[in-house]
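Peer 1: Listed in order, the protein sequences are those of chains V and U. Numbering-wise, the first sequence is residues 1 to 326 according to the working numbering. Numbering-wise, the second sequence is residues 1001 to 1326 according to the working numbering. Glycine residues also receive a C-beta, built at the ideal position from the N, C-alpha and C atoms. First the structure, which I've put down as structure tokens, then a few questions once you've had a look.
2 protein chains.
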Amino acid sequence: MSIAAPFADLTLDAIWRAAERIAPYAHRTPVLRSHSIDAQIGAQLYFKCENFQRIGAFKFRGACNAVFALSDVEAARGVATHSSGNHAAALALAARLRGIAAHVVMPHNTIRVKIDSVRRLGATLIFCEATQAARTQTLAEVIDATGAVEIHPFAHPQVIAGQGTAALELLREVGRLDALVAPISGGGLLAGTAIAARGLCADIDIVGAEPSGADDAARSFASGVLQGNTHTDTISDGLRADLGAPNFAILRAAHTRILTVTDAQTLSALRLIYERLKIVVEPSCATALAAITKHPTFFAARRVGVILSGGNVDLDSLRWPEPSSL
Amino acid sequence: MSIAAPFADLTLDAIWRAAERIAPYAHRTPVLRSHSIDAQIGAQLYFKCENFQRIGAFKFRGACNAVFALSDVEAARGVATHSSGNHAAALALAARLRGIAAHVVMPHNTIRVKIDSVRRLGATLIFCEATQAARTQTLAEVIDATGAVEIHPFAHPQVIAGQGTAALELLREVGRLDALVAPISGGGLLAGTAIAARGLCADIDIVGAEPSGADDAARSFASGVLQGNTHTDTISDGLRADLGAPNFAILRAAHTRILTVTDAQTLSALRLIYERLKIVVEPSCATALAAITKHPTFFAARRVGVILSGGNVDLDSLRWPEPSSL
């Protein structure tokens, strides 16, 4: 499997240029550490806190880079996407910052906190059925009607380059790492992470954390052929999308390792993040720490980066497991 | 009402010396801002995040200052206190850092997360009934038996000086403020805050936020005579202690204003902090933001510091109000 143009041009240099492009708009998020989590796991963990990013998730990096990479002529047509939440808010904010229109196709069952945040940011919302086919069809209609430029949530080179800026910042701040772990769904974050991290540290291990109830990436890597999910069953609502084809190609080239975690493991890791780091993150985000706690031998005594992807959680829906279940 | 020695010596200089004393051990906590909270309230809020302090609360500042201010001879006797939680953990950690014993008298109904954290820090725990009389009596017995030095949670000059270092750091970082709001219970944090803030900005308003279900400070200020609580009824488990006599004297001298808030207002503010700032704080801590949202006119268009006092929350006990209820 080869990497098709324009994704073949995605090198470390593209990440540096994305970092420069988004610098006036994006937050440089903090890196947190926890002595007690380190002691419990037996490794040195560096948490890159994208829950503090604008719109509460790393997604702003990619959307911002894609929107500001458009020519003036392209930008004037506005932008459009389908997204279950964080990419939608990210694109809405990026479009507002550039002063252009954003059209967002969203499943009608998207959680309230995410719908509200996109509305507040001034995007035009178009609701559809919660199937991939309905999203694609509705988006095609919106683009036909408006002429807007599609900014795909993950299978888009400038989105991938933008997402890679989180890993670039992390490595610039903390220095060489042995491994870097991020959640995987469509693969935008992890592909950008892989390009940035492998570009800076040739032998770093790239690890994708995936819910066992939406394990298309694990099956794709096991079989060598891109697989989809026939259905998904996970509390990690940000990780239900299928892995993108260019994302899969980039991640295979980086020898990415996929580790699956159960929802119970994710919730235990979520609790650990709330209790020890004192920060609010969404369940999807905790899969990365869950993957580490599930594979202590792999990470033992190593310097490990963890991308905490976002903090847009529906607080009412949180159900905490017992603290000792980790 | 006059301020008795040794509390009369508590000046800005004592806070500077405390800051120097605790610098090798305490975290310099971040200051967070939220454009959306500012827009909603119509003021500029600067949140000093003591939930990221060691042991998860500002209490480490005072305990650390008190423990390291002891002479070697005093320190060798060990330290003792009674506390429902954060001061206990703070004293345990400070004693461990100085290499001395800590004895902690604690009501048997203290929440689990707080008991566990004190145990992990190596203190000797002595449980008692959940009354002020039982705490005092049990502590006297412990001191008789061990010879330890009592470090009171709030009516102690070096504890007050240590707590004032949070306000000192905040003002050094963000510059002049019009008002500074912190929760009030025993009054250690607010008295230290008042000394630091009034010392730096003569005309700053000092505001104490108090649960209406434990409103002894509000009644004390209204009557001019120190009042106690015959019983307390609030979710703010860190704010059930009665205001201390020296603390009351210091706060009256600083023309402190006490604003009471209901538990419903506190929970709405708590939700706002979780959803917008993306940080984990305990309910007691949210009283400060609740006091601001309840009195928008007083704070309108002003630069307001908010001391977010701690993050040691029992996640299982959290019940979220509707998001629109603020």
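So, at 8 Å on beta carbons, what are the nonlocal neighbours of U:L1139 in its own chain, with the 5 sequence-adjacent residues on each side left out?
Peer 2: Its chain contains A1080, T1081, H1082, V1105, E1150 as the residues whose beta carbon lies nearer than 8 Å to that of U:L1139, once the 5 sequence neighbours on both sides are disregarded; these appear in chain order.
Peer 1: Anything in the region 51 to 77 of chain V with a Cβ closer than 7 Å to a Cβ of chain U? List those residues in chain order, please.
Peer 2: N51, F52, G56
Peer 1: Please list, in chain order, the chain U residues whose beta carbon lies closer than 8 Å to that of V:I279.
Peer 2: K1278, I1279, V1280
Peer 1: Does any C-beta atom of chain U lie closer than 8 Å to the C-beta of V:G238?
Peer 2: no
Peer 1: Verify whether the separation of the beta carbon atoms of V:A19 and V:T165 is less than 8 Å.
Peer 2: Yes, Cβ-Cβ distance for V:A19 and V:T165 is below 8 Å.
Peer 1: Ordered along the chain, which non-local residues of its own chain (more than five positions away) have a Cβ less than 6 Å from that of V:D314?
Peer 2: I111, V113
Peer 1: Give a yes or no on whether the minimum CB-CB distance between V:G122 and chain U is below 8 Å.
Peer 2: It does not; no Cβ of chain U falls within 8 Å.
Peer 1: Quick one: grab the DSSP three-state call for U:I1111.
Peer 2: coil
Peer 1: Using 10 angstroms around the beta-carbon of V:A76, count the other beta-carbons present and answer buried if the total reaches 16, otherwise exposed.
Peer 2: exposed
Peer 1: Terminal residues of the continuous beta strand (DSSP E) containing U:P1211?
Peer 2: 1205 to 1211
Peer 1: Closer than 8 Å between beta carbons: that is the criterion. Which residues of the region 1246 to 1276 of chain U meet it against chain V?
Peer 2: Flagged, chain order: R1271, Y1274, E1275.
Peer 1: Using only alpha-carbon positions, find the residue among U:E1169, U:G1187, U:G1244 that is nearest to U:L1177.
Peer 2: U:E1169
Peer 1: Let me confirm a value: V:P246 is counted as buried when at least 16 other C-beta atoms fall within 10 Å, else exposed. Which label applies?
Peer 2: buried
Peer 1: Should V:A133 be counted as a contact of the ligand ADP given a C-beta to heavy atom distance under 7 Å?
Peer 2: Among the components of this structure there are no ligands whatsoever, and the ligand ADP is therefore not found.
Peer 1: In chain U, what lies closer than 7 Å to V:D316 by C-beta?
Peer 2: Per Cβ cutoff of 7 Å: W1320.
Peer 1: Can you tell me the Cα-Cα spacing of V:D216 and U:S1117, whole angstroms?
Peer 2: 40 Å
Peer 1: In terms of residue numbering, what span does the alpha helix (DSSP H) encompassing U:V1067 cover?
Peer 2: 1059 to 1069
Peer 1: Using a cut-off of 8 Å between C-beta atoms, extract the partners of V:G311 located in chain U.
Peer 2: K1278
Peer 1: With a threshold of 6 Å on Cβ separation, who are the neighbours of U:A1004 within its own chain once the five nearest residues in sequence on each side are excluded?
Peer 2: none
Peer 1: Excluding the five sequence neighbours on either side, which residues of its own chain have a C-beta within less than 6 Å of the C-beta of U:Y1025, listed in chain order?
Peer 2: C1064, L1097
Peer 1: Is the Cβ of V:L326 closer than 8 Å to any Cβ of chain U?
Peer 2: Residue placement at V:L326 is flagged as unreliable, the pLDDT there being 42, under the threshold of 50; a coordinate-derived value is accordingly withheld.
Peer 1: Straight-line CA distance for V:A301 to V:A197?
Peer 2: 20 Å
Peer 1: Report the residue from U:T1230, U:A1222, U:F1068, U:H1152 whose alpha carbon sits nearest the alpha carbon of U:T1131.
Peer 2: U:T1230
Peer 1: As an exercise, report each continuous beta strand (DSSP E) stretch of at least 3 residues that is fully enclosed by the region 212 to 251 of chain V, in chain order.
Peer 2: none
Peer 1: Kindly give me the distance between the Cβ atoms of V:G85 and V:F154, rounded to whole angstroms, as I take these residues to be in contact under 8 Å.
Peer 2: A Cβ-Cβ separation of about 13 Å leaves V:G85 out of contact with V:F154 under the 8 Å criterion.
Peer 1: Taking 8 Å as the threshold, find out whether the region 1027 to 1036 of chain U comes into contact with the region 1275 to 1288 of chain U through three or more Cβ pairs.
Peer 2: yes
Peer 1: Would you list the residues sitting across from U:A1182 in a DSSP beta bridge?
Peer 2: U:G1208
Peer 1: CA-CA distance, U:R1172 and U:V1067?
Peer 2: 25 Å
Peer 1: Among the candidates U:S1317, U:R1021, U:R1028, U:F1047, whose CA atom is the shortest distance from the CA of U:V1181?
Peer 2: U:F1047
Peer 1: Can you list, in chain order, the residues of its chain with a C-beta nearer than 7 Å to that of V:F248? Leave out the 5 residues immediately preceding and following it.
Peer 2: The beta carbon of V:F248 is closer than 7 Å to those of G187, S220, L226 in its chain, skipping five residues each way along the sequence.
Peer 1: Counting along the chain, where does the beta strand (DSSP E) carrying V:V261 start and finish?
Peer 2: 257 to 261
Peer 1: Does the Cβ of U:G1213 have 16 or more other Cβ atoms within 10 Å, making it buried, or fewer, making it exposed?
Peer 2: buried
Peer 1: Would you report the Cα separation of V:D205 and V:N51, rounded to the nearest angstrom?
Peer 2: 23 Å
Peer 1: Could you give the uninterrupted runs of the alpha helix (DSSP H) lying entirely in the region 1069 to 1156 of chain U, keeping only those of 4 residues or more?
Peer 2: 1072 to 1076, 1086 to 1098, 1112 to 1120, 1132 to 1146
Peer 1: Measuring alpha carbon to alpha carbon, tell me which of U:K1059, U:A1123, U:R1271, U:L1259 ends up nearest U:A1148.
Peer 2: U:A1123
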